[in-house]
Amino acid sequence: MTRRDSGQLTVRRMRLLAMVIIFATVSACSAGQAYDTQPPPPEVAEQVPERFYADTTALGPVDDGWITSFDDDVLVTVVNEAMRNNLNLRSAAAQLEAAAASARQAGRRLEPVAALSLGGATGDTPQLQETTWGTSLDVAWEVDLWGRIRAGQSAAQADFQAIQADFEFARQSLAAQTAKAWFLATEAWRQLQIADTTAANLRGILALTEERERVGQATAQDLSLTRADLANAEDAVQATESAYQDARRGLELLVGRYPAAQIEVPTEFAQMPPRVPAGLPSSLLERRPDMVAAERRVAAAFARTDEAQAAKMPTLALTGSVGTASTDLLETLNPANLIWETGAAFVAPLLDQGGREAQVEIATAQQEAAVAAYGAAALTAFSEVESSLANEAFLMERERLLQTAVDENLSAVQAAEVQFDVGVIDQLSLHQIQTRLFSSQSALVRIQSARLTQRVNLHLALGGSFEDTSN
42 MTRRDSGQLT VRRMRLLAMV IIFATVSACS AGQAYDTQPP PPEVAEQVPE
92 RFYADTTALG PVDDGWITSF DDDVLVTVVN EAMRNNLNLR SAAAQLEAAA
142 ASARQAGRRL EPVAALSLGG ATGDTPQLQE TTWGTSLDVA WEVDLWGRIR
192 AGQSAAQADF QAIQADFEFA RQSLAAQTAK AWFLATEAWR QLQIADTTAA
242 NLRGILALTE ERERVGQATA QDLSLTRADL ANAEDAVQAT ESAYQDARRG
292 LELLVGRYPA AQIEVPTEFA QMPPRVPAGL PSSLLERRPD MVAAERRVAA
342 AFARTDEAQA AKMPTLALTG SVGTASTDLL ETLNPANLIW ETGAAFVAPL
392 LDQGGREAQV EIATAQQEAA VAAYGAAALT AFSEVESSLA NEAFLMERER
442 LLQTAVDENL SAVQAAEVQF DVGVIDQLSL HQIQTRLFSS QSALVRIQSA
492 RLTQRVNLHL ALGGSFEDTS N
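If you count by this note's numbering, then the sequence shown holds residues 42 to 512, one letter each, in order.
Here is the structure:
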């Protein structure tokens, strides 16, 4: 290498060093401007969940302890199965992945963009036909002078956090739906047993009535009424059997099984958890995933307003390029053919027909909408908690009253059966007393199921257990 070539190479190195210094200096100045929102969350890439389609355990078990308060290990197993296999939850997981990718993409806009190219071009003139080969490394970077890119990044991160909270709410909702479907299936089974008992009882009464009608102790009217009652009871059996099958199919859909109505459900209700502790703090509502999502959407809306405001300001872009060019392909690798180029562009909007100002108005309106939606979500949350707490007390009292009705009706039936055996009352009177017992038993089963369901609704309204386990 000649002294002249060595000098040119030294100059090129100095130019490269100068370009790096410019990039670093402007970056430091840009980074020193504080963005007027809360600090950004941890690295978005660390928040991205694992792939959800690798195996059936990817989604993991439900992470809230309120399910275990029902003291039903099989219920816990079924809920965890729903967490693994429910297809709607898998769809929500995919949306979460997309949001995470969008947040990462927004963060990359703060970094320089580099591209490497290798190609050739042929020129053809009357005097000469020549092919030129070249390589090039091009770097471009928009300096975020006014915080527009950072505002967009904050908005994307807040959007991701909102969708992350939506996903958690979907998990909690799925756990609640599965538990309620579990209780509903048990209720349907117990109602079916009551309906079967009612029909079997009427079959016995019908046989007695037919015998008494044969010996002249019952009328044809008594016989017709008994047959009508039996037909109604058997219709109730069919309807209850259908409801039982539907309840099991609904449960199977939630856990990701084929709806064949074959899932085994308990014949007795789960244990009713202890009473709700007095003085639940309102701060528990702050952990509700839907409230977190609404708050994050407010943060995203404010960031987008800042982004729209900053878009009205001029932009500064720095560019740099290093490459080679030669008519000989092999010579493109020769350092002597290096070509350097640096540049900067300062672009200020002059006339855009009010487009940027309109974007600011749009972002401001969306910001107001997000704030209103957050307020509405807070009112809804308080309403759900208040209703759940009130219904808890009402249902507990109703269960006590209905249990008393069942006990008293059972005593009445036992006395009536003795009177019927000795001929004091007829079969119609006995049937009426028995019907009252079956009706009160059916009502009690409904209330017992409703109490369990209401407790699930309360946990969903509070966003979890009665204790704040977020700390």
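Backbone N, C-alpha and C fix where the C-beta goes; we use that ideal spot for every residue, glycine too.
Annotation note: the segment 185-226 contains no uninterrupted beta strand (DSSP E) run of length 3 or greater.
Residue state for A155 is assigned as strand, using DSSP reduced to three classes. For the pair A123 and F224, the CB atoms are not nearer than the 8 Å cut-off. Sequence-distant Cβ neighbours of Q400 in its own chain, meaning closer than 7 Å and more than five residues away, are A349, A352.
In this structure, the beta-carbon distance from A220 to V115 does not fall below 8 Å.
In this structure, F423 lies near L326, with their beta-carbon atoms less than 8 Å apart. Of the residues L294, I466, P300, V180, the one whose Cα lies closest to the Cα of S158 is V180. Annotation: the continuous alpha helix (DSSP H) that includes A272 extends over 261-295. Per the Cβ contact rule, the segment 191-207 is in contact with the segment 331-349 (3 or more Cβ pairs under 8 Å). Taking C-alpha positions only, R298 is separated from P307 by approximately 18 Å.
Per DSSP, the continuous alpha helix (DSSP H) segment holding T118 begins and ends at 114-126. In terms of Cα proximity to L266, the closest of T250, T281, D276, Q258 is T250. The DSSP-derived three-state label of E440 is helix. In its chain, beyond the 5 residues on either side, L243, L247 have a beta carbon closer than 6 Å to the beta carbon of L271.
For S506, there is no enclosing alpha helix (DSSP H), as DSSP gives it neither H nor E.
For D467, no alpha helix (DSSP H) segment is defined, and its DSSP state is neither H nor E. A check of alpha carbon separations from T445 across R328, L264, R477, G464 identifies R477 as the nearest. In this structure, S324 lies away from L178, with their beta-carbon atoms at least 8 Å apart. The Cβ atoms of S214 and L501 lie closer than 8 Å to each other. Residues K221, F224 of the same chain have their beta carbon placed closer than 7 Å to that of T494, with the five preceding and five following residues left out of the count.
Taken through DSSP and simplified to helix, strand or coil, A133 comes out as helix.
Sorting P318, A406, L321 by C-alpha distance to the C-alpha of T346 places A406 at the top. Taking each of R191, A156, L451, E508 in turn and checking the Cα distance to T176, the smallest one comes out for A156. Ranking V465, I474, E183, A414 by CA distance to the CA of Q455 puts I474 first. DSSP places A311 outside both helix and strand once states are collapsed to three, so it counts as coil.
Pairing V412 with F479, the inter-Cα distance amounts to about 53 Å. By a beta-carbon distance limit of 8 Å, A261 contacts E254. Their separation comes to about 7 Å. Counting only residues of its own chain and dropping the five nearest sequence neighbours on each side, A288 has a CB closer than 6 Å to the CB of L225, A226, A229. By the Cβ neighbour-count rule, L485 is buried, with 16 or more other Cβ atoms within 10 Å of its own. Going by beta carbons, R328 and G504 fall inside the 8 Å limit. A344 is the residue among V117, A344, S143, E425 whose C-alpha sits nearest the C-alpha of G188.
In this structure, A139 is the residue among L264, A216, A139 with its C-alpha nearest to the C-alpha of A203. Taking each of S506, N498, E508 in turn and checking the Cα distance to A217, the smallest one comes out for N498.
Pairing N127 with V296 gives a Cβ-Cβ distance under 8 Å. Pairing L321 with F507, the inter-Cα distance amounts to about 7 Å.
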